Amino acid sequence: MGERPIAAEARDLVKDFDGKRAVDGVSLTVPEGSITGILGPNGAGKTTCLRMMLGIIDPSSGTRTLLGHDRPIEIAHQVGYLPEERGLYPAMPASEALAFMGALRGLPIKESRRRSLELLHSRGHDDWAKRPIRTLSKGMAQTVQLLGTIIHRPKLIVLDEPFAGLDAINQEKLEQLIRDQAAAGVTVIFSTHVIAHAERLCERVVIIAEGRSVFEGAVDEARDRLRPIVHLRTRVADGPWRAALPASAKNVGGEWRFELPSDGPEPLLKALIDGGAGIETLSIERPGLHDAFIAIAGEAAAREMGHVHVADEAA
Amino acid sequence: MKLPETIRAAFVIARRDFTATVLSKTFLLFLLGPLFPIALGMGMVGIGAQVDRNAKAPPIAVVSSQQDYELLSAARERLMPLADSIALVELRYVPPEGDLAGQQKKLLSSEKEPVMAVFDGGLSAPHLTGTVTSRDRPARQMKLFIDEARRMAAQPQVSSPKLQITQTREMAGPQAARRVQTGRMGQALLFVLTILLAGMVLSQLIEEKSSKVIEVLAAAVPIDAIFLGKLFAMLATSLTGIALWTIAGAFTINSLATGGLRSLPMPAVGWPAFISLTVVYFSMSYLLIGATFLGIGAHASTAREVQILSMPVTMAQLVLFGFASLAVGQPNSATGMAAAIFPLSSPFAMIARAAELPDIWPHLIALGWQALWVALILRLAAAVFRRSVLKSGKSRRRFWQRSSA
Chain A
98 MGERPIAAEA RDLVKDFDGK RAVDGVSLTV PEGSITGILG PNGAGKTTCL
148 RMMLGIIDPS SGTRTLLGHD RPIEIAHQVG YLPEERGLYP AMPASEALAF
198 MGALRGLPIK ESRRRSLELL HSRGHDDWAK RPIRTLSKGM AQTVQLLGTI
248 IHRPKLIVLD EPFAGLDAIN QEKLEQLIRD QAAAGVTVIF STHVIAHAER
298 LCERVVIIAE GRSVFEGAVD EARDRLRPIV HLRTRVADGP WRAALPASAK
348 NVGGEWRFEL PSDGPEPLLK ALIDGGAGIE TLSIERPGLH DAFIAIAGEA
398 AAREMGHVHV ADEAA
Chain B
6 MKLPETIRAA FVIARRDFTA TVLSKTFLLF LLGPLFPIAL GMGMVGIGAQ
56 VDRNAKAPPI AVVSSQQDYE LLSAARERLM PLADSIALVE LRYVPPEGDL
106 AGQQKKLLSS EKEPVMAVFD GGLSAPHLTG TVTSRDRPAR QMKLFIDEAR
156 RMAAQPQVSS PKLQITQTRE MAGPQAARRV QTGRMGQALL FVLTILLAGM
206 VLSQLIEEKS SKVIEVLAAA VPIDAIFLGK LFAMLATSLT GIALWTIAGA
256 FTINSLATGG LRSLPMPAVG WPAFISLTVV YFSMSYLLIG ATFLGIGAHA
306 STAREVQILS MPVTMAQLVL FGFASLAVGQ PNSATGMAAA IFPLSSPFAM
356 IARAAELPDI WPHLIALGWQ ALWVALILRL AAAVFRRSVL KSGKSRRRFW
406 QRSSA
């Protein structure tokens, strides 16, 4: 990240609502052109953080800069925002809704109308143009709002839970759109409670739990906080080889699972072979972001994320 | 964000709101809106007139000689112009019968041809029988009729010369009085339109809140621009409606009123300036009260809460209107100046002033003053809105929310 310019930065953001602390010292740094995921369970303070970053609400204390400005509203025309609670005028035709969002962000209305039709056309949605928003499905309306987020070709887009409410196909399309934007040099920040999206898309993540940022860095850096996990099946149930396993090793359905010792796989393998384990299968798995999240954010936050994750997958 | 950018953003929002409102089917209903009170008013006047005719007071039965009755009738006719809009008691001739007491009883108890009282004794010994007292208007009028009839009987008819009349343009005295009427009319029109239309911005704000668009707007433009845009939009909508109503109204007045528009009392600043000032003061009044309503809308989260909160504000507006109406006829008095200076009553007081005094410069000062207050109230309302709406945590529940929850 070193030399890359900073697109967004927050230092010790705090927000109190009627005496209750919703965000308690969040700091983050988003390099230009990166995709950064804000991870955390529901109620962790992700949306409040994003709203403070965008200047919709002011922090109780702390500082933030967006594209070098400490008053984000002043560079609103360079920023795109998809709020968690989607909002479009129900009676407005889709193309006009897009044009309106472009005009709000500083585009002349004629240009905004031209781009709205162009955007719809480029995605094969010409037939949506004249349809009032209320006649579109939820997914379609969400797509319109998402296109409205990029119509003015911003330098930075902020997406709050962008995958919520989308089916698998539209989730895939959205992931592609995010990748395309990043490839075009646009900085993307999105919040999610579904770790799989962050794992697939993000270069960097910020993990927020109970209003605090507990981790900020590259996805690999988060994963590297955990030792790789060894999965071992042996033909021999017991013997001298057992001494090679760490004390924390667990047997789950006949399979031993344990963290790879710090001296690497070779000494382990040698000890297992010499001890007569009769290795049936042995694999070393690099921890996923989900595991890293559990380790970083704690069991309680992880349980909630895991629960939501499962529910989303089921849906 | 710099002022031109705020204005630009406000116009983007205003254009959306204006288009959405004016191109909706409900706008037609909005345009037809004033027809309802007018039709209702005309209906009430018609019903009132009918009721009035039906409820016309019964006559006084005059039991006297034909000659006395004719003198009394002539006296009544002669006094008629003095009465103007006050109804003079009717007289009905009844030839005398032998039994006066019996005849009085019969006349007073008749339901077929009811009478208010029975007059007898002629002009020499007048006597009234009935439920009327000497303080009642029929008794006092009857006394006048008798006095005039006696005078007419005593004095020979003189041929009075015909009164020649030369009509001139208005003199200062009557003109001043009529200008007060114009002032009151302008003030009332301004007040009714403002109260009716300023509430419309509230529904817009509630729409934004319920459709969650407010978050999109708040991230893109300053809250001041959102409020200003909403006010501009509803002002433009109102002015569109007013323009159409004015054209229709002027056409109707021109068609129906004797002398057409020229029959209306001329304001001191002249009609073109007065009409322009009416539009400008309506705009100011609308912006001032609309901004206040937006501040209220910022506190409310449902239409019900808006209604509850609108009530005291409307009452306060009535008080302000009453305050401003005290200034009519005395624009340079302490009351008149106070009403012109107090921002929320200023447009009402100044439109009345325009009807009464010809100077234009006080209006320029007043408009600047009012514009300053529009800006101040908008800033305040926007600050309240930011505090109470644009936050994701639970808001502090206010006393009316506690009671209505």
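Chains as they are written, first to last, in this note's numbering: chain A, 98 to 412; chain B, 6 to 410.
The beta-carbon is built from N, C-alpha and C at its ideal position, and this holds for glycine as well.
Note that the structure is predicted; figures quoted are calculated from it, not measured.
Check, Outcome
"Best match in L233/B, M271/B, L45/B, L76/B for proximity to F23/B [C-alpha to C-alpha]", "L233/B"
"C-beta neighbour in chain B for R211/A, strict 8 Å", "no"
"S310/A beta carbon less than 8 Å from that of V303/A", "yes"
"Reduced DSSP secondary structure (H/G/I, E/B, other) of L136/A", "strand"
"Range covered by the alpha helix (DSSP H) that runs through N267/A", "265-280"
"Contact list for I370/B against chain A, beta-carbon separation under 7 Å", "Per Cβ cutoff of 7 Å: no residues; I370/B is ~34 Å from chain A at best."
"Nearest neighbour of L298/A, chosen from G245/A, G262/A, Q278/A [CA to CA]", "Q278/A"
"The segment 352-369 of chain A touching the segment 255-271 of chain A, judged by at least three CB pairs closer than 8 Å", "no"
"For V111/A, three-class secondary structure by DSSP", "strand"
"Interfacial residues, the segment 215-245 of chain B to chain A, with Cβ spacing under 8 Å", "S216, K217, V218, I219, E220, V221, L222, A223, A224, A225, V226, P227"
"D257/A and T144/A closer than 8 Å at C-beta", "yes"
"Alpha-carbon spacing of L214/A relative to S192/A, whole angstroms", "6 Å"
"Status (buried if at least 16 other CB within 10 Å, exposed otherwise) for L179/A", "buried"
"Against chain B: residues of the segment 167-178 of chain A by CB proximity under 7 Å", "I170, E171, A173, Y178"
"Residues of its chain near A88/B, where Cβ-Cβ distance is below 6 Å and the 5 sequence neighbours each way are ignored", "none"
"Rounded C-alpha distance that separates A394/A from I247/A", "32 Å"
"Interface residues of chain B facing G184/A [CB-CB closer than 9 Å]", "E213, S216, K217, V218, I219, E220, V221, L222"
"Span separating the alpha-carbon of M147/B from that of K111/B", "21 Å"
"Contact belief for F150/B with S69/B at Cβ below 8 Å, rounded distance in angstroms", "Between S69/B and F150/B the Cβ distance is about 12 Å, and since that is not below 8 Å, they are no contact."
"Segment limits, beta strand (DSSP E) that includes A119/A", "117-128"
"Close beta carbons around H166/A, own chain, < 8 Å, minus the five adjacent residues each side", "I172"
"Selected residue, minimal CA-CA separation from L369/A, among W353/A, E382/A, P384/A", "W353/A"
"Buried or exposed by the 16-neighbour rule on C-beta atoms within 10 Å, applied to E296/A", "buried"
"Classification of R212/A by the beta-carbon crowding that lies within 10 angstroms, buried from 16 upward", "buried"
"Rounded separation between D224/A and P187/A - CA only", "17 Å"
"Pair within 8 Å by beta-carbon distance, D109/A and G122/A", "yes"
"Limits of the beta strand (DSSP E) - the one that D420/B falls within", "No answer is possible for residue 420/B: it lies beyond the span of chain B, which begins at 6 and ends at 410."
"Nearest neighbour of A193/B, chosen from L372/B, Q375/B, A360/B, T297/B [CA to CA]", "A360/B"
"Nonlocal neighbours in the same chain, by C-beta distance under 7 Å from H368/B, ignoring five residues either side", "L282, M355, A359"
"Contact residues within the segment 202-227 of chain A, judged by C-beta distance below 7 Å to chain B", "R202"
"Nearest-angstrom Cα separation, counted from D229/B out to I12/B", "9 Å"
"Contact between the segment 126-141 of chain A and the segment 276-290 of chain A (3+ Cβ pairs under 8 Å)", "yes"
"Cβ pair count under 8 Å reaching 3, the segment 154-169 of chain A against the segment 235-242 of chain A", "no"
"C-beta atoms of A141/A and A306/A nearer than 8 Å", "yes"
"Residues from the segment 25-42 of chain B in contact with chain A, defined by Cβ distance under 8 Å", "A25, S29"
"Residue from I153/A, I132/A, R339/A with nearest C-alpha to T331/A", "R339/A"
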